[in-house]
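So that you can map any letter, position 231 of the sequence shown is 231 in UniProt numbering, and since no number is skipped, the others follow by simple counting.
Take a look at the structure below.
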Amino acid sequence: MMSISTLWPVRIERLDTRYAHGGGLCVVTALLAFFGVGHVFRPISEPGSSGLKAGIITVLVALVFGTVGATNRRSGTDAQFRTAVRVGAAFGAYGFGIAALISAAHALGVGAALDWSFTVAMGGLAGLAVGIPIGDGYANLQREKRVASRRKARLQQGSRRMEILYRVARHNIRTEANIILGYTDLIEATGEHGPANEYTDTLRVHASRLEAISTNVHRLRRIWETSDETVETSIRSLTDRALSASGLSDAERLTLSLDDDAIVASHPFAHWALEEAVDNGLTHTESDTAVTVRTENRDGYVRLIVEDEGAGVPLIEVESLGNETESQLTHGQGLGLQVIYWATAGAGASLSITNRESGGTRVAMEFPVVRSEQPGPDSGSTAAPTPAR
Numbered sequence: 001m002m003s004i005s006t007l008w009p010v011r012i013e014r015l016d017t018r019y020a021h022g023g024g025l026c027v028v029t030a031l032l033a034f035f036g037v038g039h040v041f042r043p044i045s046e047p048g049s050s051g052l053k054a055g056i057i058t059v060l061v062a063l064v065f066g067t068v069g070a071t072n073r074r075s076g077t078d079a080q081f082r083t084a085v086r087v088g089a090a091f092g093a094y095g096f097g098i099a100a101l102i103s104a105a106h107a108l109g110v111g112a113a114l115d116w117s118f119t120v121a122m123g124g125l126a127g128l129a130v131g132i133p134i135g136d137g138y139a140n141l142q143r144e145k146r147v148a149s150r151r152k153a154r155l156q157q158g159s160r161r162m163e164i165l166y167r168v169a170r171h172n173i174r175t176e177a178n179i180i181l182g183y184t185d186l187i188e189a190t191g192e193h194g195p196a197n198e199y200t201d202t203l204r205v206h207a208s209r210l211e212a213i214s215t216n217v218h219r220l221r222r223i224w225e226t227s228d229e230t231v232e233t234s235i236r237s238l239t240d241r242a243l244s245a246s247g248l249s250d251a252e253r254l255t256l257s258l259d260d261d262a263i264v265a266s267h268p269f270a271h272w273a274l275e276e277a278v279d280n281g282l283t284h285t286e287s288d289t290a291v292t293v294r295t296e297n298r299d300g301y302v303r304l305i306v307e308d309e310g311a312g313v314p315l316i317e318v319e320s321l322g323n324e325t326e327s328q329l330t331h332g333q334g335l336g337l338q339v340i341y342w343a344t345a346g347a348g349a350s351l352s353i354t355n356r357e358s359g360g361t362r363v364a365m366e367f368p369v370v371r372s373e374q375p376g377p378d379s380g381s382t383a384a385p386t387p388a389r
């Protein structure tokens, strides 16, 4: 024999959840309404206007039915609707109980006559009318909290996976690059000359690029982790850190002209930007030309400028700086420019990369001055601070 659940499975499922709760609440509302206006049908006379009481009960019933219908339409799930109905029922029971206590206390006293049925019904209906919207809001809040919790869990899981991927990939890239460079050195050590030397040079170039990519991936990660941090440092100290860390300070092709040693605000790893700019200039410039590092003062800012005479930077590479997404057309030159951009993006600093008309590239990093370091003739005293703009 075919059962009812086979004929109407969806209907019965909904009756067991949303319709059952909504229907039960409507029945309770109707009973309270009938109880509240029962004096109209009774032969005895109760105090107060019967018409006004009936109007108040009617308005409360309309509010209850209206909020139930609106909550039913807004609720995305049966569980959310059930929560709203249960909270509303709790408020209704609370209002009903308070009104009953008031009526009982009044009946035991010596006060004037009180229409206790109307009072109790009004308390229950008012509790329902107020409680259902509150329950709906509470259910929405709980749903948003669950959604936020799941989203946070997914983000944390994704972050852990990316951390593992980052560490493994960076380690493997550096390891493979070092192996290639090691075997390249062994080949060159044989002293044999011929076409193989050209292949060896090509291997060395690409292995060095792999190693640079690994280094810059690590640097970008550290820069982004500290993107909100700011430090105060002198221009000379920033320059020394950038050039000494990579051995660039002794380069014969490097010309330094630091006329200002002001204290500036910068990102903690701003020296990586200068190091990368100088290294790019030396790498992409002919061996008989120099790379210049100099400073300029400009309205409360100090510009640290790196100029070379190389082939210049492709415009598409400059335009891609700061983009959150990368396309196949905008990642051909590695991550060096990205390190320069992000290491100067914070602490009120700015970056300008242009191709010079005479040839080469001009990288200008502008840092806000915190104070000027200008020793007096008798001691190492410091001049009054220069306000940052």
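Backbone N, C-alpha and C fix where the C-beta goes; we use that ideal spot for every residue, glycine too.
All of these numbers come straight from a predicted model, not from anything done at the bench.
Between the beta-carbon of residue i and the beta-carbon of residue j, is there less than 8 Å?
{"i": "Gly300", "j": "His284", "result": "no"}
{"i": "Val205", "j": "Arg253", "result": "no"}
{"i": "Leu32", "j": "Leu125", "result": "yes"}
{"i": "Ser321", "j": "Leu335", "result": "First, the amino acid is wrong: residue 321 is Leu here, not Ser. No, the pair does not count as a contact, with Cβ atoms beyond the cut-off."}
{"i": "His267", "j": "Thr344", "result": "yes"}
{"i": "Ala262", "j": "Val302", "result": "yes"}
{"i": "Thr203", "j": "Ile179", "result": "Checking the sequence, you will find Leu at residue 203 rather than Thr. No, these two residues do not count as a Cβ contact at 8 Å."}
{"i": "Thr230", "j": "Ala347", "result": "yes"}
{"i": "Leu141", "j": "Val64", "result": "no"}
{"i": "residue 393", "j": "Asp260", "result": "Nothing in the structure corresponds to residue 393, since the chain is present only between 1 and 389."}
{"i": "Ala121", "j": "Leu25", "result": "no"}
{"i": "Asp136", "j": "Arg73", "result": "no"}
{"i": "Trp342", "j": "Leu220", "result": "yes"}
{"i": "Ile57", "j": "Phe91", "result": "no"}
What are the residues that DSSP puts in a beta bridge with residue i?
{"i": "Phe367", "result": "Val302"}
{"i": "Glu232", "result": "Ala265"}
{"i": "Ile353", "result": "Val363"}
{"i": "Arg294", "result": "Ser257 and Ile305"}
Can you give me the Cβ contacts of residue i inside the same chain, cut-off strictly under 8 Å, excluding the 5 residues immediately before and after it?
{"i": "Tyr138", "result": "Thr83, Ala84 and Val87"}
{"i": "Ala177", "result": "Ala207, Ser208, Leu210, Glu211 and Ser214"}
{"i": "Thr184", "result": "Thr200, Leu203, Arg204 and Ala207"}
{"i": "Tyr166", "result": "Val217 and Arg221"}
{"i": "Ser227", "result": "His267, Trp342, Ala345 and Gly346"}
{"i": "Gly312", "result": "Asn355, Arg356, Gly359, Gly360 and Thr361"}
{"i": "Arg170", "result": "Ser214, Val217 and His218"}
Does any residue of chain C have a CB that is nearer than 8 Å to the CB of residue i?
{"i": "Leu210", "result": "Absent from the structure: chain C. Only one protein chain is present."}
Short of 6 Å in beta carbon distance, which residues of its chain neighbour residue i, apart from the five on each side in sequence? Order them along the chain.
{"i": "Ile340", "result": "Ala273, Glu276 and Ala277"}
{"i": "Ile305", "result": "Arg294 and Ala364"}
{"i": "Gly359", "result": "Glu309"}
{"i": "Ala242", "result": "His271, Leu274 and Glu275"}
{"i": "Ser327", "result": "Residue placement at Ser327 is flagged as unreliable, the pLDDT there being 49, under the threshold of 50; the coordinate-derived value follows with that caveat. Around Ser327: no qualifying Cβ."}
{"i": "Gly380", "result": "The pLDDT assigned to Gly380 is 36, lower than 50, so where the model puts this residue is not dependable; a value taken from the coordinates is nonetheless given after this. Excluding positions up to five away in sequence, the list is empty."}
{"i": "Phe367", "result": "Val264, Ser266, Val302 and Ala349"}
Sorted by chain position, which residues of the same chain lie with C-beta nearer than 7 Å to residue i's C-beta, five sequence neighbours on each side aside?
{"i": "Glu357", "result": "none"}
{"i": "Leu238", "result": "Ser266, Ala270, His271 and Leu274"}
{"i": "Gly123", "result": "Gly95, Phe96, Ile98 and Ala99"}
{"i": "Ile44", "result": "Note on Ile44: pLDDT 47, under 50, position unreliable in the model; no value is reported."}
{"i": "Val61", "result": "Thr29, Ala33 and Leu125"}
Classify residue i: buried if its beta carbon has 16 or more other beta carbons within 10 angstroms, exposed otherwise.
{"i": "Val369", "result": "buried"}
{"i": "Gln80", "result": "buried"}
{"i": "Asn172", "result": "exposed"}
{"i": "Gly131", "result": "buried"}
{"i": "Phe34", "result": "exposed"}
{"i": "Asp59", "result": "Reading off the sequence, residue 59 comes out as Val, not Asp. Val59 should be labelled exposed."}
{"i": "Ala349", "result": "buried"}
{"i": "Glu307", "result": "buried"}
{"i": "Ile353", "result": "buried"}
{"i": "Thr71", "result": "buried"}
{"i": "Ser117", "result": "buried"}
{"i": "Asn197", "result": "exposed"}
{"i": "Leu155", "result": "exposed"}
{"i": "Val68", "result": "buried"}
{"i": "Leu256", "result": "exposed"}
{"i": "Leu351", "result": "buried"}
{"i": "Gly281", "result": "buried"}
{"i": "residue 404", "result": "Since the first residue shown for the chain is 1 and the last is 389, residue 404 is missing from the structure and cannot be characterised."}
Please indicate yes or no: does the CB of residue i lie closer than 7 Å to some heavy atom of the ligand SAH?
{"i": "Thr285", "result": "The model on display carries no ligand, and the ligand SAH is accordingly not part of it."}
#### Entry: Length-filtered (4 minimum) alpha helix (DSSP H) runs lying within the stretch 140 to 168
none
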